[in-house]
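Respectively, the protein sequence lines represent chains A and B.
Using my numbering, you'd call the opening residue of the first sequence number 1 and step up by one each time.
Using my numbering, you'd call the opening residue of the second sequence number 1001 and step up by one each time.
The beta carbon of each residue, even a glycine, is placed where N, CA and C say it ideally should be.
These numbers come from a predicted model, not from an experiment.
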Amino acid sequence: MIVVQNPGAFTTVQDLGRPMQGMSGVSRAGAADPVSLRLGNRLLGNPENASALEMTLLGGTFVFPEGAVVAIAGPESVRPVHLQPGETLRAGPIQPGVRGYLCVRGGIEVPLIAGSASTHVPGNMGGFEGRPLRKLDTLRIGTAAVGAVREGIRPEILAKLAPRRTLRVTLGPQADWFPADALAQFLTGTYTVSNNSNRLGVRLDGPALSLQNGAEMTTEGVPLGAIQITAGGLPIILFVDQQTTGGYPKIANVVTVDLPSVGQLRPGDQVRFEQIDPAHAHQLIREREALLKSEEIFL
Amino acid sequence: MLLKQLADARLLYSSDQSVLVDFGSPKDPATRHRVIAAARKLAAFSIPGLVNLHPAYATVLVVFDPVLTSADEIVGRIALALAAHTGEPETTAPCRLVEIPVQYGGEDGPDLGWVAEHHRMTPADVIERHSSVDYEVCFLGFAPGFAYLTGLPESLETPRLDSPRKLVPAGSVGIAGRQTGVYPAASPGGWRLIGRTTLEMFHPARNPMSLLQPGDTVRFLPL
């Protein structure tokens, strides 16, 4: 059992998300930084998709009346912690990045919705009662563990997986709606992550881009990591709890391998974009996956 | 970037984990029906690595897992699925009729009077016009369980509120421009509210979660 003593700024139950609900207008949700979640779970001998608590900025304080083996997983450190019955865990503040995962050996037991434990905040669904955790919420620890608890993740692996501030992108379906100088401005400019960012989208402040005149956009399905240019010319990166359709032109799309980096962007961080081709994006995600699945990641 | 040209659709690169299937002009009703037929075929055809389908007015976004499959593989599967014959005519999507009982006016529809005045008709005329036609669900989007409907009579085209309400109750039926729809959950909103239904438009424990699905026919029943 886990008793929430202090839920921090925004803590939700997340796994790797809930596919195939797009026809009902529901996006995938799931961990904003799935790399950290997967490393935490693998360290504890859990299946990679086991549910955990995603903490934001401040972390949180949790009591374990029966004890537990847990891991706090974030970009620089993923370590197991053995808690005695009645012990209190104070996690955070989150540093570096903006999100950390409190993984528990056995996972967190919540009712599955369409096969997933993930909280979808705008849909008020999934996770613990479809909402962020509050003080004195009580969660059950599951029985998902399948392997042994490991000692840690090798530092050079964590360095290799560190979140990037230069996000690699491929060009979006409406990239040619922008004049060449606007596209160049987008690919060379520096953008600052706005305070007004969350799991639905990451808003960026920086050079505003102009559109070609006369282009009229019909609402269409929008993928994770799509970079829409809104009416004011500023980019927004659609994120895990995103709307499933959108009517703004998409200049580019963050490649899959760099999406976990988006989940660690903190308001005020500066980002840039680097264009790569689709074949390169594909090769990068295959390499990343092979690394995450390997045994070499452990100490 | 064009990935493949089919007889009635273009497959376009969208991201390294998605392909946009484009059926042409959104203004042509046949396009909408092709979109719905395609979404159903793609859902029924078991495609390895398929993660999501997002139909819209003229397109279906096909999302895949780039670790389990590749863009080339997905493009091939989409072409096969769309070429498969289901026995149903391609341009007339089979429709299910969903009737939505609505309490028009009063606290449930605080803008009914304004809408009537705007169109120089009586509230009863607005109700009659709104509930006498069949609407079609194009797709779900904007929010979980929010259906984009076509078919609002031109005579009911109404501008949005100048400033959105902070809280619109779940089930509210509104009009904005040429669109009408039902708010599936309490949220801020700028549509003119003419009524409210007690039907649960979205429920996570239901399969499918959204009461309305693309291709459904919708009729509003005044209570």
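Open item on the list: Please list the terminal residues of the continuous beta strand (DSSP E) segment that includes Ala252 of chain A.
Closed with: Locating residue 252 of chain A in the first sequence gives position 252, counting from the first residue. It spans Lys250 to Val254 - the beta strand (DSSP E) in which Ala252 of chain A sits, taken as one unbroken run.
- [ ] Note down the Cα distance separating Ser294 of chain A from Asp181 of chain A, rounded to an integer number of angstroms.
- [x] Within the first sequence, the letter at position 294 stands for residue 294 of chain A. Within the first sequence, the letter at position 181 stands for residue 181 of chain A. Their Cα atoms are separated by approximately 43 Å.
- [ ] Pull up the distance between the alpha-carbon of Thr1091 of chain B and that of Tyr1148 of chain B, whole angstroms please.
- [x] Translated into the one-based positions of the second sequence, residue 1091 of chain B becomes position 91. Translated into the one-based positions of the second sequence, residue 1148 of chain B becomes position 148. Legend: pLDDT at Thr1091 of chain B = 49, less than 50; position of this residue unreliable, no value from coordinates given.
TODO: Mind checking which residues open and close the beta strand (DSSP E) that includes Ser1172 of chain B?
DONE: Within the second sequence, the letter at position 172 stands for residue 1172 of chain B. Ser1172 to Ala1176 is the extent of the beta strand (DSSP E) around Ser1172 of chain B.
Task: Below-8 Å beta-carbon distance, Ile251 of chain A vs any chain B residue - done: Sequence index remark: in the first sequence, residue 251 of chain A carries index 251 (1-based). For Ile251 of chain A, the answer is no, since every Cβ of chain B falls outside 8 Å of its Cβ.
Task: Three-state secondary structure (DSSP) of Ile1047 of chain B - done: Numbered from 1 along the second sequence, position 47 holds the residue referred to as residue 1047 of chain B. Here Ile1047 of chain B sits in coil by DSSP.
Open item on the list: Closer than 8 Å is the cut-off here; do at least three beta carbon pairs connect the segment 67-74 of chain A with the segment 94-104 of chain A?
Closed with: A contact exists between the segment 67-74 of chain A and the segment 94-104 of chain A.
Task: Counterpart residues of Gln205 of chain A in DSSP-defined beta bridges - done: Looking up residue 205 of chain A in the first sequence gives position 205. What sits at residue 205 of chain A in the sequence shown is Asp, not Gln. Beta-bridge analysis with DSSP links Asp205 of chain A to A:Thr192.
Open item on the list: Less than 8 Å between C-beta atoms, sequence neighbours within five positions excluded: which residues of the same chain meet that for Ser210 of chain A?
Closed with: Here residue 210 of chain A refers to the residue found at position 210 when the first sequence is read from its first residue. Beyond the five residues adjoining it in sequence on each side, Ser210 of chain A comes within less than 8 Å, by CB distance, of Phe178, Pro179, Ala182 and Gly233 in the same chain, given in chain order.
TODO: Kindly list the residues whose CB is nearer than 7 Å to the CB of Pro1222 of chain B, restricted to its own chain and excluding five residues on each side of it in sequence; keep chain order.
DONE: Residue 1222 of chain B sits at position 222 when you count from the first residue of the second sequence. Result list for Pro1222 of chain B: Val1102, Tyr1104, Ile1127 and Ser1131, in chain order.
TODO: Determine the closest residue to Gly962 of chain B out of B:Gly1215, B:Pro1169, B:Arg1206 and B:Val1218, with distance taken between C-alpha atoms.
DONE: Since the first residue shown for chain B is 1001 and the last is 1223, residue 962 of chain B is missing from the structure and cannot be characterised.
Task: From A:Gly172, A:Leu133, A:Gly147 and A:Thr188, residue whose alpha carbon lies closest to that of Ala220 of chain A - done: Taking the first residue of the first sequence as position 1, residue 220 of chain A is located at position 220. Sequence check: residue 220 of chain A is Glu here, not Ala. Checked all of A:Gly172, A:Leu133, A:Gly147 and A:Thr188; the closest Cα to Glu220 of chain A is A:Gly172.
Open item on the list: List, in chain order, every chain B residue whose beta-carbon is nearer than 7 Å to that of Asn124 of chain A.
Closed with: Residue 124 of chain A sits at position 124 when you count from the first residue of the first sequence. Neighbours of Asn124 of chain A on chain B, chain order: Ala1185.
Task: One or two residues paired with Arg28 of chain A in a DSSP bridge - done: For the purposes of this step, residue 28 of chain A is taken as the residue at position 28 of the first sequence. As far as DSSP is concerned, Arg28 of chain A takes part in no beta bridge.
Open item on the list: Using C-beta distances below 8 Å, list every residue in its chain close to Thr190 of chain A, excluding the 5 sequence neighbours before and after it, in chain order.
Closed with: Counted from its first residue, the first sequence places residue 190 of chain A at position 190. If we look at Thr190 of chain A and ignore the five residues flanking it on each side, its Cβ neighbours are Gly206, Gln270, Val271 and Arg272.
Open item on the list: Measuring CB atoms only, is the segment 1174-1192 of chain B touching the segment 1134-1147 of chain B, in the sense that at least three cross pairs come out at less than 8 Å?
Closed with: Remark: three or more beta-carbon pairs, one from each stretch, lie closer than 8 Å, so the segment 1174-1192 of chain B and the segment 1134-1147 of chain B are flagged as touching.
Open item on the list: Using the three-state DSSP reduction, which class does Val13 of chain A fall into: helix, strand or coil?
Closed with: Indexing the first sequence from 1 puts residue 13 of chain A at position 13. In this structure, Val13 of chain A counts as strand in the three-state DSSP scheme.
Task: Proximal residues of chain A, C-beta to C-beta of Leu1020 of chain B below 8 Å - done: Start at 1 with the first residue of the second sequence, and residue 1020 of chain B comes out as number 20. Residues of chain A passing the Cβ test: Pro173, Glu220 and Gly221.
- [ ] Could you have a look at Asp1125 of chain B and say whether DSSP puts it in helix, strand or coil?
- [x] Along the second sequence, read from residue 1 onward, the residue named residue 1125 of chain B stands at position 125. It is helical.
TODO: Look up Thr1091 of chain B in the DSSP assignment and say whether it is helix, strand or coil.
DONE: For the purposes of this step, residue 1091 of chain B is identified with residue 91 of the second sequence, where counting begins at 1. In this predicted model, Thr1091 of chain B has a pLDDT of only 49, less than 50, meaning its place in the structure is not dependable; the value taken from the coordinates is given anyway. Thr1091 of chain B falls in the coil class under three-state DSSP.
TODO: Express the C-alpha separation of Gly127 of chain A and Asn6 of chain A in angstroms, rounding to a whole number.
DONE: In the first sequence, residue 6 of chain A corresponds to position 6, counting from 1. In the first sequence, residue 127 of chain A corresponds to position 127, counting from 1. Computed Cα separation, rounded: 18 Å.
- [ ] Name, in chain order, the residues that DSSP records as bridge partners for Ile1074 of chain B.
- [x] Here residue 1074 of chain B refers to the residue found at position 74 when the second sequence is read from its first residue. The secondary-structure analysis by DSSP pairs Ile1074 of chain B with nothing; it has no beta-bridge partner.
Open item on the list: To the nearest angstrom, how far is the alpha carbon of Met125 of chain A from that of Thr119 of chain A?
Closed with: Taking the first sequence and counting its residues from 1, one reaches residue 125 of chain A at position 125. Taking the first sequence and counting its residues from 1, one reaches residue 119 of chain A at position 119. Met125 of chain A and Thr119 of chain A have their alpha carbons spaced roughly 6 Å apart.
TODO: For chain A, find out if any of its Cβ atoms is closer than 8 Å to the Cβ of Gln1179 of chain B; answer yes or no.
DONE: Start at 1 with the first residue of the second sequence, and residue 1179 of chain B comes out as number 179. Interface with chain A (8 Å Cβ-Cβ cutoff): Gln1179 of chain B is excluded.
Open item on the list: The beta strand (DSSP E) that contains Ala290 of chain A, what's its start and end?
Closed with: Counting from one through the first sequence, the residue named residue 290 of chain A turns up at place 290. From DSSP, Ala290 of chain A is part of no beta strand (DSSP E) but of the alpha helix (DSSP H) over Pro278 to Lys293.
Task: Proximal residues, the segment 1116-1143 of chain B versus chain A, C-beta separation under 8 Å - done: From the segment 1116-1143 of chain B, only Phe1139, Leu1140, Gly1141, Phe1142 and Ala1143 have a Cβ closer than 8 Å to chain A.
Open item on the list: Short of 6 Å in beta carbon distance, which residues of its chain neighbour Ser194 of chain A, apart from the five on each side in sequence? Order them along the chain.
Closed with: For the purposes of this step, residue 194 of chain A is taken as residue 194 along the first sequence, with counting starting at 1. Taking Ser194 of chain A as the centre and dropping the five residues before and after it, the same chain places the C-beta of Arg203 and Asp205 closer than 6 Å to its C-beta, in chain order.
Task: Inter-residue spacing [alpha-carbon to alpha-carbon] between Asp212 of chain A and Lys250 of chain A - done: Looking up residue 212 of chain A in the first sequence gives position 212. Looking up residue 250 of chain A in the first sequence gives position 250. Note on identity: in this sequence residue 212 of chain A is Gln, with Asp being the wrong assignment. Each residue's alpha carbon lies about 13 Å from the other.
Task: Residues from the segment 23-42 of chain A in contact with chain B, defined by Cβ distance under 9 Å - done: Residues passing the 9 Å Cβ filter: Met23, Ser24, Gly25, Val26, Ser27 and Arg28.
TODO: May I ask you to report which of helix, strand or coil DSSP gives Ser1015 of chain B?
DONE: Numbered from 1 along the second sequence, position 15 holds the residue referred to as residue 1015 of chain B. Of the three classes helix, strand and coil, the one that applies to Ser1015 of chain B here is strand, per DSSP.
Task: Neighbouring residues, chain A, relative to Asp1216 of chain B (Cβ below 9 Å) - done: As a first step, residue 1216 of chain B is located in the second sequence; it is residue number 216 there, counting from the start. The premise fails here: Asp1216 of chain B is roughly 11 Å from chain A at the closest Cβ pair, so nothing lies under 9 Å.
Task: Span of the alpha helix (DSSP H), counted from its first residue to its last, around Asn41 of chain A - done: Against the first sequence, residue 41 of chain A aligns to sequence position 41. Pro34 to Leu43 is the extent of the alpha helix (DSSP H) around Asn41 of chain A.
Open item on the list: Please report the straight-line C-alpha distance between Asn196 of chain A and Met20 of chain A, rounded to a whole angstrom.
Closed with: As a working mapping, residue 196 of chain A is identified with position 196 in the first sequence. As a working mapping, residue 20 of chain A is identified with position 20 in the first sequence. The alpha-carbon separation between Asn196 of chain A and Met20 of chain A amounts to approximately 28 Å.
- [ ] Per DSSP, which residues does Phe1195 of chain B bridge with? Please list them.
- [x] In the second sequence, residue 1195 of chain B corresponds to position 195, counting from 1. Residue identity differs from the one stated: residue 1195 of chain B is Gly in this sequence, not Phe. Gly1195 of chain B is bridged by DSSP to B:Tyr1104 and B:Val1173.
Open item on the list: Which residues does DSSP list as the beta-bridge partners of Asn124 of chain A?
Closed with: Here residue 124 of chain A refers to the residue found at position 124 of the first sequence. Paired residue(s): none; Asn124 of chain A is not in a bridge.
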